[in-house]
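Protein chains in written order, with our numbering: chain A, 1 to 258; chain B, 259 to 516; chain C, 517 to 774; chain D, 775 to 1032. Note that the Cβ used here is the ideal one computed from N, Cα and C, for glycine as well. Some notes on the structure that comes next.
There are 4 protein chains.
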Amino acid sequence: MTTTQVTLVQIDNYGPWTVTPDPRREMDLQTMQSRLFADLAQFVGSRDGYVFFTRFDNMVAVTNGLDSAAHERLQATVRNRYPVTVSLGVDVAERPIDALETATGRVQNAGSAQDGDRREVLAGTYREESDDDDVAIAHFDVNNATGKYTDRLNEFDSFIRIEQGYAALMRYMREEHGALSFFVGGDNVIAACPDLDQADYRAAIDHVNEAADVDLKVGVGHGRSAHEAGFAAKHALEDCRYEGTTVEFAGATSATPE
Amino acid sequence: MTTTQVTLVQIDNYGPWTVTPDPRREMDLQTMQSRLFADLAQFVGSRDGYVFFTRFDNMVAVTNGLDSAAHERLQATVRNRYPVTVSLGVDVAERPIDALETATGRVQNAGSAQDGDRREVLAGTYREESDDDDVAIAHFDVNNATGKYTDRLNEFDSFIRIEQGYAALMRYMREEHGALSFFVGGDNVIAACPDLDQADYRAAIDHVNEAADVDLKVGVGHGRSAHEAGFAAKHALEDCRYEGTTVEFAGATSATPE
Amino acid sequence: MTTTQVTLVQIDNYGPWTVTPDPRREMDLQTMQSRLFADLAQFVGSRDGYVFFTRFDNMVAVTNGLDSAAHERLQATVRNRYPVTVSLGVDVAERPIDALETATGRVQNAGSAQDGDRREVLAGTYREESDDDDVAIAHFDVNNATGKYTDRLNEFDSFIRIEQGYAALMRYMREEHGALSFFVGGDNVIAACPDLDQADYRAAIDHVNEAADVDLKVGVGHGRSAHEAGFAAKHALEDCRYEGTTVEFAGATSATPE
Amino acid sequence: MTTTQVTLVQIDNYGPWTVTPDPRREMDLQTMQSRLFADLAQFVGSRDGYVFFTRFDNMVAVTNGLDSAAHERLQATVRNRYPVTVSLGVDVAERPIDALETATGRVQNAGSAQDGDRREVLAGTYREESDDDDVAIAHFDVNNATGKYTDRLNEFDSFIRIEQGYAALMRYMREEHGALSFFVGGDNVIAACPDLDQADYRAAIDHVNEAADVDLKVGVGHGRSAHEAGFAAKHALEDCRYEGTTVEFAGATSATPE
């Protein structure tokens, strides 16, 4: 049974900050948002978690392995180096959506995202132990995206197709299973899932095929952390590539973390 | 009449690189992709262009004002500091999609995105002059996203709604007008457009309302560069906010760039 | 008794890389070097260690608290995101210079800094336990640097004075005590030391006063890690500022880490 | 005759900021300082200038080619993305030290570096034209540093020797010629100079040999910008390496900028 720890990272008072005293240059905002995300990716990633850029002012992370002290440190390093601060809500549940619901609620209860007085909420429940099946990660990619899209269509038309596929997958996985799916670049989507079987993944892939005419394959891994599960999922995806299969689960022995 | 210069930025041989000799830690890839984008945002942005992260391995930029020497310099600075290189295709057209089509073609003609021998293509046509109406930028945001979504729903459900709205808008604007729309974080979408009028934008907003049940407003600006047009669009969007209107065009005098 | 774990970080084959196939733009090299250091500062610093930019192609860190797995991860994240790789040598000794001597030797034994075949050495002895007196950090700054120099002289003349003071202090502390002193910006020098008493620090300060005509004060802290000791040292330095004293040791209870 | 444009970059109110409300984690300060420098290196460097980290809270740049609008943009991008702001003073003179003296004075006149009310000074005189001999850059490095130091001694003892050599060179070049010399990593020092001849450089090298027992060689270049002069100097330094000479001036035709 999965036991997923999810953290919501929300920049405090960001909307108002971007236009006070006047609107700021868009490319400076883009730079700051991306670098903040990159720093979170390093901090969380080096502790074996995963973080997804999501909407940039709100980011979702799978943080099994990061305790309350780690979250405090993360908040501090942002405060010391950025012109903004972040609020963090954390929770643990079998289904990722449920953990995120409670995590989000912890931040919302303290105040609005645009409340000038709400700063650096840090509220959460943490996963104290860790089991091999705590986290399930599915790594999807588009079959032959390079041949079908990237090398043939203009980039925006390639992008539209990938986006439509992602939009269909993200909704289906959330509604059917309470899973959280994130586009991570290229033709890749990574999802934090509860325990699902081959048939569940096959059904999701069939749905995306019908709804958006995009063909996916998926590698699935499990582990004590997002990295452990995700790295196993990457290897399983390579198995799909070599075997020509659509759904592959990583072996019993987890792939050796890099 | 708009005369949009569009640049496609494509990382060379990225797919193979991410798994050679073995798959790389996902959070390291996320960090590198985001920082590369951030650097492009600074380089292009400080020269008054706009760049959008798009798929991260492929990024689209509106580069009126950046000549061939600037593009060469951009390529060099990436080569000197990253473990990857980028190919650049550039073209100019009235409709952004047409410029991107040709720009993409220039890179595709030189070789596949996964061709191990294709490195640092630099091929393009550049806008030699600059007129006040060269670039049209539309800045959309969701009405009361904070009240309706961010402060009420869990982050993924907020995200799904924003994504569904974006997916509907991006397709409509491309199919109807050859415009290129990009989600830039929060509840914001920025589009590079040809010349459109109030009715065109109103129709797009109505479409998104029907197709995805998401309410948008938009500020539109024009200028010699993406920054000039985009900054005017931001100010026009603030007018929407204060006036309670849905579509606002920036005044004849472009907003003073910051 | 101090038990200092010191890590040498050396970029592999850097000299040749900077000029192959041709010399690279200097500002790109400066950018890459600084960002690599910044990433090390975050990785090591968030684990309570300290790293100093030193010569940028060779950097020295006090890494009590970072085990072999952490060092491996550090190497991997650099490999995945930079066009260079790093070799790491680690050792533990009472005097920092002795730990650095052995740490450096571990890397040198594997091959020259400019040996094209030597990549990613990882060799070391690690501090298995941790005691309150493992690490001693001294934080020096120049008395009234702003009033005497920054607000009065041109920046280079201010800089020369600070540099001459640093050059005198670094030699004295190494020769007398086997301590490693690093300029960290502004008018600040941080040193990793063995156990020294008030008289030792007073003598060092007197020496710098005679040799370079620069007046220093110092805060000294001890702890299980460089951060714990260094943070206590910062607070002790603030005591100097308020009390008007020259040497202050942090209290028995270590300052609460942020 | 050289006509050097020099910019002083000074972080506003930095000392107080680093300890308010409490001292901040040292590694976070190191990260922020280094990344700010890296961003300046990209902004200035991509416009063919050079910037040197100097004391990090105060940095010196050779900015021939960057006008007042570029300086304003630089200030804005820092304001939009960092928790600090910078003041900029600019001046032009034959000797770099004289330009820096006036540039520093412009910032000092507006207020102390620790004046809580002084923010974002922007005051300067700019070089309106550009001639081939405007900027003279000398690139020094240590003969066989790898063989003599890096591969033989522990890193701190290598570092001490390089530092002592730098300290001797920086003082001599400033006092004799009004030149500004900066350690840039490894065993390299880059200096912005007035017009000097072979004998002048030979004398400087002899002085460092006597004063610090460190053997230098130097490549010298001239150009319209720091990059043009510095890139020519790098190539001239390579000539020293191949010819076994001590002082080389770049040819009449400037080396092709990358």
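Consult DSSP for residue i and reduce its assignment to one of helix, strand or coil.
{"i": "D729 (chain C)", "result": "coil"}
{"i": "T253 (chain A)", "result": "With a pLDDT of 41 at T253 (chain A), under the threshold of 50, the modelled position of this residue cannot be trusted; read the value that follows with caution. Correct three-state label for T253 (chain A): coil."}
{"i": "G760 (chain C)", "result": "coil"}
{"i": "N854 (chain D)", "result": "helix"}
{"i": "F830 (chain D)", "result": "coil"}
{"i": "Q10 (chain A)", "result": "strand"}
{"i": "T2 (chain A)", "result": "coil"}
{"i": "A654 (chain C)", "result": "strand"}
{"i": "A179 (chain A)", "result": "coil"}
{"i": "N109 (chain A)", "result": "helix"}
{"i": "Y642 (chain C)", "result": "coil"}
{"i": "N704 (chain C)", "result": "strand"}
{"i": "V825 (chain D)", "result": "strand"}
{"i": "V895 (chain D)", "result": "coil"}
{"i": "V578 (chain C)", "result": "strand"}
{"i": "S34 (chain A)", "result": "helix"}
{"i": "S932 (chain D)", "result": "helix"}
{"i": "V19 (chain A)", "result": "coil"}
{"i": "E774 (chain C)", "result": "Unreliable positioning characterises E774 (chain C) in this predicted model, as indicated by a pLDDT of 40, which lies under 50. The coordinate reading is nonetheless provided below. In the structure shown, E774 (chain C) sits in coil (DSSP, three-state: anything other than H, G, I, E or B)."}
Using DSSP bridges, identify the partner residues of residue i.
{"i": "L874 (chain D)", "result": "In the DSSP output, where bridge partners are listed per residue, L874 (chain D) has none listed."}
{"i": "H480 (chain B)", "result": "B:A394"}
{"i": "V350 (chain B)", "result": "B:Q263"}
{"i": "V344 (chain B)", "result": "B:I269"}
Chain C partners of residue i, CB-CB under 7 Å?
{"i": "F933 (chain D)", "result": "T570 and R571"}
{"i": "D286 (chain B)", "result": "T593, N596 and R597"}
{"i": "Y824 (chain D)", "result": "E542 and M543"}
{"i": "E894 (chain D)", "result": "The premise fails here: E894 (chain D) is roughly 17 Å from chain C at the closest Cβ pair, so nothing lies under 7 Å."}
What does residue i reach in chain B if we use C-beta pairs closer than 8 Å?
{"i": "F817 (chain D)", "result": "Q300 and S304"}
{"i": "R35 (chain A)", "result": "S292, R293 and A296"}
Output yes or no for whether 7 Å exceeds the beta carbon distance between residue i and residue j.
{"i": "A978 (chain D)", "j": "Y946 (chain D)", "result": "yes"}
{"i": "R174 (chain A)", "j": "V247 (chain A)", "result": "no"}
{"i": "T362 (chain B)", "j": "E163 (chain A)", "result": "no"}
{"i": "T783 (chain D)", "j": "V860 (chain D)", "result": "It should be noted that the sequence gives Val, not Thr, for residue 783 (chain D). A contact, by the Cβ cut-off of 7 Å."}
{"i": "V895 (chain D)", "j": "A884 (chain D)", "result": "yes"}
{"i": "M517 (chain C)", "j": "A815 (chain D)", "result": "no"}
{"i": "T501 (chain C)", "j": "D650 (chain C)", "result": "The first residue shown for chain C is 517 and the last is 774, placing residue 501 (chain C) beyond what the model contains."}
{"i": "Q521 (chain C)", "j": "G959 (chain D)", "result": "no"}
{"i": "H235 (chain A)", "j": "A229 (chain A)", "result": "no"}
{"i": "A491 (chain B)", "j": "G509 (chain B)", "result": "no"}
{"i": "C451 (chain B)", "j": "K475 (chain B)", "result": "no"}
{"i": "T899 (chain D)", "j": "D865 (chain D)", "result": "yes"}
{"i": "R880 (chain D)", "j": "A867 (chain D)", "result": "no"}
{"i": "L324 (chain B)", "j": "R305 (chain B)", "result": "yes"}
{"i": "A226 (chain A)", "j": "Y50 (chain A)", "result": "yes"}
{"i": "R892 (chain D)", "j": "N80 (chain A)", "result": "no"}
So, does the CB of residue i fall closer than 7 Å to a CB anywhere in chain F?
{"i": "R622 (chain C)", "result": "Note that chain F does not occur in the displayed structure, where the protein chains are A, B, C and D."}
Closer than 7 Å by beta-carbon distance: list the chain A residues that pair up with residue i, in chain order.
{"i": "Q422 (chain B)", "result": "A167"}
{"i": "D409 (chain B)", "result": "Q108, S112 and A113"}
Would you mind telling me which residues of chain C sit closer than 8 Å to residue i, beta carbon to beta carbon, in chain order?
{"i": "M290 (chain B)", "result": "N596 and R597"}
For a contact meaning CB atoms closer than 9 Å, what does residue i contact in chain D?
{"i": "R499 (chain B)", "result": "Correct list: empty, because the minimum Cβ distance to chain D is about 21 Å."}
Under 7 Å Cβ-Cβ, which residues of chain B neighbour residue i?
{"i": "R847 (chain D)", "result": "S304"}
Using a Cβ-Cβ cut-off of less than 8 Å, give me the residues of the region 212-232 of chain A that come near chain C, in sequence order. none
Got a sec: which bits of the region 600-620 of chain C sit with their beta carbon under 7 Å from any beta carbon on chain D, in order along the chain? I613, L616, E617 and T620
Can you list, in chain order, the residues of the region 685-703 of chain C whose Cβ is nearer than 7 Å to any Cβ on chain D? M686, R687, R690, L696, V700, G701 and G702
According to a CB-to-CB cut-off of less than 7 Å, which residues of the region 904-923 of chain D neighbour chain C? T920
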